[in-house]
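Protein chains in written order, with this note's numbering: chain A, 14 to 134; chain B, 118 to 294; chain C, 11 to 645.
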Amino acid sequence: MAKSILAVDDSASIRQMVTFTLKSAGYDVIEAVDGEDGLAKAKTKAVDLVLTDQNMPRMDGLSMVRALRRLPAYRTAPILILTTESGDAIKSEGRAAGATGWLVKPFDPKRLLEVVRKVIG
Amino acid sequence: MTQVVEAGAAGSSAAVKAGHAAAAAGGMAREFLTFRLGEEEYGIDILKVQEIRGYEAVTAIANTPSFIKGVINLRGTIIPIVDMRIKFNLGNVEYNIFTVVIILNVAGRIVGMVVDSVSDVISLSAEQMRPAPSFAAGLDTQYIMGLGTVDSRMLILADIEKLMTSSDMALTDMAVQ
Amino acid sequence: MTIDMSQFYQVFFEESAELLGEMERLLLELDVDAPGKDELNAIFRTAHSIKGGAGTFGFNEITETTHILESLLDKLRNDQLRLKSEMVDVFLKAVDVLKMQLAGRQSGSEVDAQAVADICQRLHELADGKPAAPVAAAPAAVAPVAAMTAVKAAPGASAPTALDPAPVDPSPENLYAILTGAAVSAAAVAAASPPDAEAFGLFAETPVQPGDADVPRRRATDAAAEAAPKTGRRAGDRAEAAEASSIRVGVEKVDQLINLVGELVITQAMLAQTASRVDPVLYESLMNGLATLERNTRDLQESVMSIRMMPISFVFSRFPRVVRDLAAKLSKQVELKTVGEGTELDKGLIEKIADPLNHLVRNSLDHGIETPDKRVAAGKDPKGTITLRAFHQGGNIIVEVADDGAGLSRARILAKARERGLAVSDDMPDQDVWQMIFEAGFSTADVVTDVSGRGVGMDVVRRNIHGMGGSIEISSLLGSGTCISIRLPLTLAILDGMSVGVGKEIFIIPLTYIIESLQPAPGDIKTISGQGRVVQVRGEYLPVVALHEKFNLKSNVADMDKGIMVILESEGAKTALFVDELVGQHQVVIKSLETNYRKAQGISGATIMGDGKVALILDVGALVRLSKPELLKAA
């Protein structure tokens, strides 16, 4: 069965690009527009990987990660933060929130697929 | 090749359709729908003819030339009806069950014109067509493409699209050439 | 597998346009003295989002501009810098520059590289808190590579320095390498990520959080059901509310739908007419079915019409900026108020009303609102107010532009009218005097500014409004202000009308113009010196327009007191329309006459009645206007 990915980003164009890239590679993709939406969607279906932007209205990425980690289904699920920074701040914040790793924005489809394959195969 | 058309509107759509088919088939000949107006017989490009109908009650529009009778509802579209008999001052004009209206599709517009009667659809080859005369009854020579002869009949071949879109007919806000 | 990124560009352009609009709105609403933290964060996020998208799709010049903007905004939201009002001006200019850069990418329009360089420099200077050392215009002069569209550098731009105009690798990692090659201030470089391979990473251990009481229920929903919308279909949800998802549909499809519903209305009317001749008792279930059909049709029609309805805020939203810029230019203090932004109108009208409103607002700013000195001298607040108001009334939408400025001068307008040879009289009602400003070339402005005053605007405004089937009225008080009120039909396709009979013909009068109808008493109708008829209605004398005379028809009614007077009002003037009889009230579908024929005088359109016959819809505005000279001569 195909692996499923939850893609959370408030930018429609980025979401579309990510969805298209991952679907073309055979993954199932669920989109969400911000942290709250992502949390709600994660609860209705357990996905194999969560990709989330950081800066979003209503609930940002790290807050969502923290909330996800409190759900038994997502205790150890792979979660990657898509961030525009790669400095130490985001790394420590990300780790503290419970993220599995990070991917720097902007990224191109090739890089995205490489990373996703590395994490969930 | 001619197809005889019954007087009146009934049965004519088949003839028109056949005319369209023949015109599409191409060749050197052209297909014309012929009709009578007063003493003259006219021929117009069959491809400009959409259908033939009887005359039905028209909604008049004020302050328009007398030959513009008004508008009718043609299956949901509003189209103007002009009476060419009035335009050419042909005297007594009657409207009854034999009155024929030719529905034209010219320059993207649909217009209906009342004539005395519709004859048939005729195919004319180049040899059967002659250049336009320098005179004609009623019809300005700029709208005459030429003369057609079939047996003993002489047909005035009219450029119906040019006529209907000209300012003479007052059907458009500006003359569409 | 290579993915063609250009398929996502259009969504990015639309998304960025929305974000820029939001940024502008937030900037205009900012309280410079005490900017809210949430607002600053929101503004930061808009810049950040655009930067993210631009970076992903390789629009480097846009990434660069937004990056500098974002850095400055970041400092502001973290209290590292204090907001100053000139910063807001610079931010607004940056919004303009970004719009230009986006347009350059989207449609190949020219991008003024000097303007880009200037704004980047200003932003740098503000970020540093002091005027920066002269910065080369270099970064802006870089020709973006692999550009879908051409970007022309302004001839005046400083020569690019360390950058070669040859194709540069647009990949994100190299962006900052490019920037560091140019003479860019330290701030930008510090904010840039180090262009090395730390673009992805996993934390050594994934921390596990202690479980909570809440156990999410795993629904058995299939993944497919939840899956994202298919590629190519745009799920245009902005994060306002997770429920608010939308679909983009082509306008032609919506119009087609409206046409089909229109045909349905006509067919249903025909059925109702036929059924009215049938014994209702015998065919009870048929009658019930038809009644239900009528309700269903009406509901469907309302539903479909509402698809094209959009709030007028789409038009109003541009005006805060217009007023701000123009007031500054004219050295006036003006506040813009908007009321009823949620009022909806047809999308087609939204597009058409923008220009006339623009002209009216600029006019108010230019000629209405006085300079602060003049206002104080007149005992007014130095700050003037322009109010844009919209509301529904009957089957119409009313849009008003009001100002508390100088008002219209009756004397000046009359003088100017006489000068131009227009027919005027000293005791013309105010309404008629004000309408003179719509005459072509009419302007009482002392000075023709480049904003307005050439007098070419108002007649075009009125013509446009009439072209939309609407009307425009003015009310004004010298010294207090002016209010211009535009009335527009709510929809272009369907109309509530009263059918009237004249001779054998039926005409439709749009209900919104009808005040009342009455049968006049013989003594109420008077003729004035053989020139025109008037009828007395409650103490007022109104000009009479006999429809059968206007349309050369034979009336069935011998004397006027045996027929009906329909009292109409348009643009502040009333007229009594004489007809034979009232036939009924219906909702009619408007059909075009111009498609196959032409514009007919006094007629605004046509419709197909229940019996299949065509009925003409009266152009009430034109009829009322035509009747005025009669009264004027009579006066």
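Ideal Cβ placement from N, Cα and C applies to all residues, glycine included.
Since this is a predicted model, take the numbers as computed values, not measurements.
1) Which same chain residues end up closer than 6 Å to T76(C) when comparing Cβ atoms and leaving out the 5 residues on each side of it in sequence?
2) For a minimum of 3 consecutive residues, which ranges assigned as the beta strand (DSSP E) are wholly contained in the segment 254 to 285 of chain C?
3) Do you know offhand how far F23(C)'s Cα is from G68(C)'s?
4) Can you find at least 3 beta carbon pairs, one from the segment 324 to 341 of chain C and one from the segment 287 to 305 of chain C, that sit closer than 8 Å?
5) Take L112(C) as the anchor and find which of E96(C), L40(C), L29(C), A52(C) has the nearest alpha-carbon.
6) So, helix, strand or coil for F120(A), using DSSP?
7) Among residues of its own chain, excluding the 5 on either side of I161(B), which ones have a beta-carbon nearer than 7 Å to its beta-carbon?
8) Output yes or no for whether 9 Å exceeds the beta carbon distance between P553(C) and V544(C).
9) Along the beta strand (DSSP E) that carries H402(C), what are the first and last residues, could you check?
10) Tell me the rounded alpha-carbon separation between R635(C) and D440(C).
11) Could you tell me which chain A residues have their CB closer than 8 Å to the CB of S295(C), listed as they occur along the chain?
12) Quick one: grab the DSSP three-state call for M446(C).
13) In chain order, what residues of the same chain lie with their CB nearer than 7 Å to the CB of A531(C), ignoring the 5 residues before and after it?
14) Is the Cβ of Q597(C) closer than 9 Å to any Cβ of chain B?
15) Which value, in whole angstroms, describes the spacing of the CA atoms of S283(B) and T12(C)?
16) Helix, strand or coil for N88(C) per DSSP?
17) Which residues in chain C sit within 9 Å of A249(B), going by Cβ to Cβ distance?
18) When burial is assigned at 16 or more other CB atoms within 10 Å of the CB, is K94(C) buried or exposed?
19) Could you work out which residues of chain B lie near F326(C), taking near to mean beta carbons separated by less than 9 Å?
20) Starting from the C-beta of E345(C), find all residues in its chain whose C-beta is less than 6 Å away, skip the five residues before and the five after it, and write them out in chain order.
21) Just reading off the beta strand (DSSP E) that S481(C) is part of, what are its end residues?
22) Hey, could you find the ends of the beta strand (DSSP E) K572(C) is sitting in?
23) Once DSSP output is grouped into helix, strand and coil, what is the label at Y607(C)?
24) Hey, is R87(C)'s beta-carbon within less than 9 Å of any beta-carbon in chain A?
25) Thinking just about the alpha-carbon of each residue, which of E71(C), N70(C), E80(C) is nearest to the one in N68(A)?
26) Please compile the residues from chain E whose C-beta is within a distance smaller than 7 Å of the C-beta of V21(A).
27) State the beta-bridge partners of Y87(A) as determined by DSSP.
28) Taking 9 Å as the CB-CB limit, is I13(C) close to chain A?
29) If you measure from the beta carbon of P182(B) to each beta carbon in chain C, is any gap under 9 Å?
30) Can you pull the chain A residues whose beta carbon is under 9 Å from the beta carbon of T66(C), in chain order?
31) In this structure, how does DSSP classify R635(C) when only helix, strand and coil are distinguished?
32) Please list, in chain order, all residues of the same chain as T522(C) whose beta carbon is under 6 Å from its beta carbon, the five residues on each side excluded.
33) Output the distance between the C-alpha atoms of R646(C) and L367(C), rounded to the nearest integer angstrom.
34) By the three-class DSSP mapping on this structure, what secondary structure does D162(B) have?
35) Out of G479(C), E515(C), D89(C), which one is the CA nearest neighbour of E591(C)?
36) Can you check whether the CB of S236(B) is closer than 9 Å to the CB of F215(B)?
Based on what the coordinates show:
1) A57, I60, K61
2) none
3) 13 Å
4) no
5) L29(C)
6) coil
7) F149, L150, A275, I277
8) yes
9) 393 to 403
10) 16 Å
11) Per Cβ cutoff of 8 Å: no residues; S295(C) is ~46 Å from chain A at best.
12) helix
13) D571
14) no
15) 58 Å
16) coil
17) Going along chain C, no residue has its Cβ under 9 Å from A249(B), so there is no contact; the nearest lies around 29 Å.
18) exposed
19) Within 9 Å Cβ-Cβ: nothing; F326(C) doesn't reach chain B, min ~35 Å.
20) K393, T395
21) 481 to 487
22) K572(C) -> no beta strand (DSSP E), and no H or E assigned at all.
23) coil
24) no
25) E80(C)
26) Structure shown: chain E not included; protein chains present are A, B and C.
27) Paired residues: none, contrary to the question.
28) yes
29) no
30) S24, S26, I27, M30, K118, P119, F120, D121
31) helix
32) G404, G405, N406
33) Because chain C spans 11 through 645 in this model, residue 646(C) falls outside it and cannot be assessed.
34) strand
35) E515(C)
36) no
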